[in-house]
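In full-length UniProt numbering, the protein residues as written are 1 to 293.
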């Protein structure tokens with residue numbers, strides 16, 4: 001079943017690997033479910049059922065003109081869960097923009113079927129810099145993203161965005177040129193409409209009111225050197241508002257730590273998830289220390 005049709009008729013491409021307790025992986029902007037392949041393989045090999053899908057407008061999914069607000073995106077997530085039969089004992093894992101889908105699903109759909117969540121480099125609770133969110137991203141910076149995309153999308157992604165995303169510097173690069181080229185190619189597969197509309201959504205949606213809906217154990221992981229999604233406005237605020245949350249900070253890691261710290265995040269997810277044979281949440285490390293060194 002490679003495609004799920006949402007309530008508004010949009011085709012969503014779904015990868016469904018392995019068997020066991022379901023773990024649903026929600027990708028970041030402007031990528032696709034392919035960003036999760038290394039983690040998906042490891043989790044499936046460990047005995048979990050891994051479901052990863054392409055957000056509407058991205059990857060192999062349909063490219064409708066509308067529906068890039070978080071209410072609709074959370075409904076898409078609900079439709080994927082329903083169509084795949086992953087409606088109980090589910091762990092939701094959202095990276096970057098994908099953390100917003102997790103938050104809005106927990107509030108809008110009451111966290112139906114979910115027993116644990118993970119927010120990785122997530123935009124939750126609020127990206128935009130405002131008087132009551134002083135550590136956020138200035139409006140002018142968010143506007144530069146849209147302007148760069150409109151001027152020359154391929155150049156913006158290859159030579160500006162993904163360099164910062166993966167922490168590429170003048171004298172060091174934690175990823176290969178091939179990774180940068182592949183990320184750019186995946187970003188270019190998305191529709192221009194979806195790319196711009198989702199940037200507007202993740203940059204301006206306030207999820208602070210959704211935090212109380214996280215009523216399950218939650219793992220929050222964020223790189224301290226993240227220049228794309230600042231940790232002070234997101235992860236360090238999210239852990240204050242989510243009752244049963246643990247924050248693990250990856251010292252010196254950039255936004256794209258699912259690639260630059262691939263083995264570490266895979267191990268931390270497996271530790272958090274616990275025994276795949278258990279049909280209730282028994283994982284997690286509640287100490288204040290990092291799950292891995």
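Where a beta carbon is used, it is the ideal one built from N, C-alpha and C, also for glycine.
Proximity to residue i [Cα-Cα], best of the options
i	options	result
residue 187	8, 135, 175 and 34	34
residue 150	163, 193, 9 and 80	193
residue 65	9, 210 and 260	9
residue 129	16, 234 and 244	234
residue 180	172, 196 and 163	163
residue 277	254, 46 and 30	46
residue 157	136, 135 and 189	189
residue 182	5, 259 and 199	259
residue 246	264, 218, 59 and 230	218
residue 199	36, 79 and 137	137
residue 39	266, 86, 273 and 17	266
Residues that DSSP places opposite residue i in a beta bridge
i	result
residue 219	118 and 246
residue 53	14 and 26
residue 5	11
residue 137	128
Cut-off 6 Å between Cβ atoms - residues of its own chain near residue i, not counting five sequence neighbours on either side
i	result
residue 297	Only positions 1 to 293 of the chain appear in this structure, which leaves residue 297 out of reach.
residue 43	23 and 50
Cut-off 8 Å between Cβ atoms - residues of its own chain near residue i, not counting five sequence neighbours on either side
i	result
residue 211	103, 124, 125, 238, 241 and 242
CB-CB length for residue i against residue j, believed under 8 Å
i	j	result
residue 254	residue 166	6 Å
residue 32	residue 54	5 Å
beta-carbon residue i near the ligand HEM non-hydrogen atom, thresh 8 Å
i	result
residue 29	With respect to the ligand HEM, the structure offers nothing, as it holds no ligand at all.
Cut-off 7 Å between Cβ atoms - residues of its own chain near residue i, not counting five sequence neighbours on either side
i	result
residue 133	126 and 233
residue 252	224 and 225
residue 2	13 and 14
residue 97	28, 29, 123, 198 and 202
residue 69	201
residue 67	8, 10 and 56
- Task: Kindly confirm or deny that the segment 78-94 and the segment 20-33 touch, where touching means at least three C-beta pairs closer than 8 Å.
- Result: Here the segment 78-94 makes contact with the segment 20-33; the two share three or more CB pairs at distances below 8 Å.
- Assess, as a yes-or-no matter, whether the segment 135-145 is touched by the segment 190-206 under the definition of 3 or more beta carbon pairs within less than 8 Å. Contact check between the segment 190-206 and the segment 135-145: three or more CB pairs, one atom from each, fall below 8 Å, which counts as touching.
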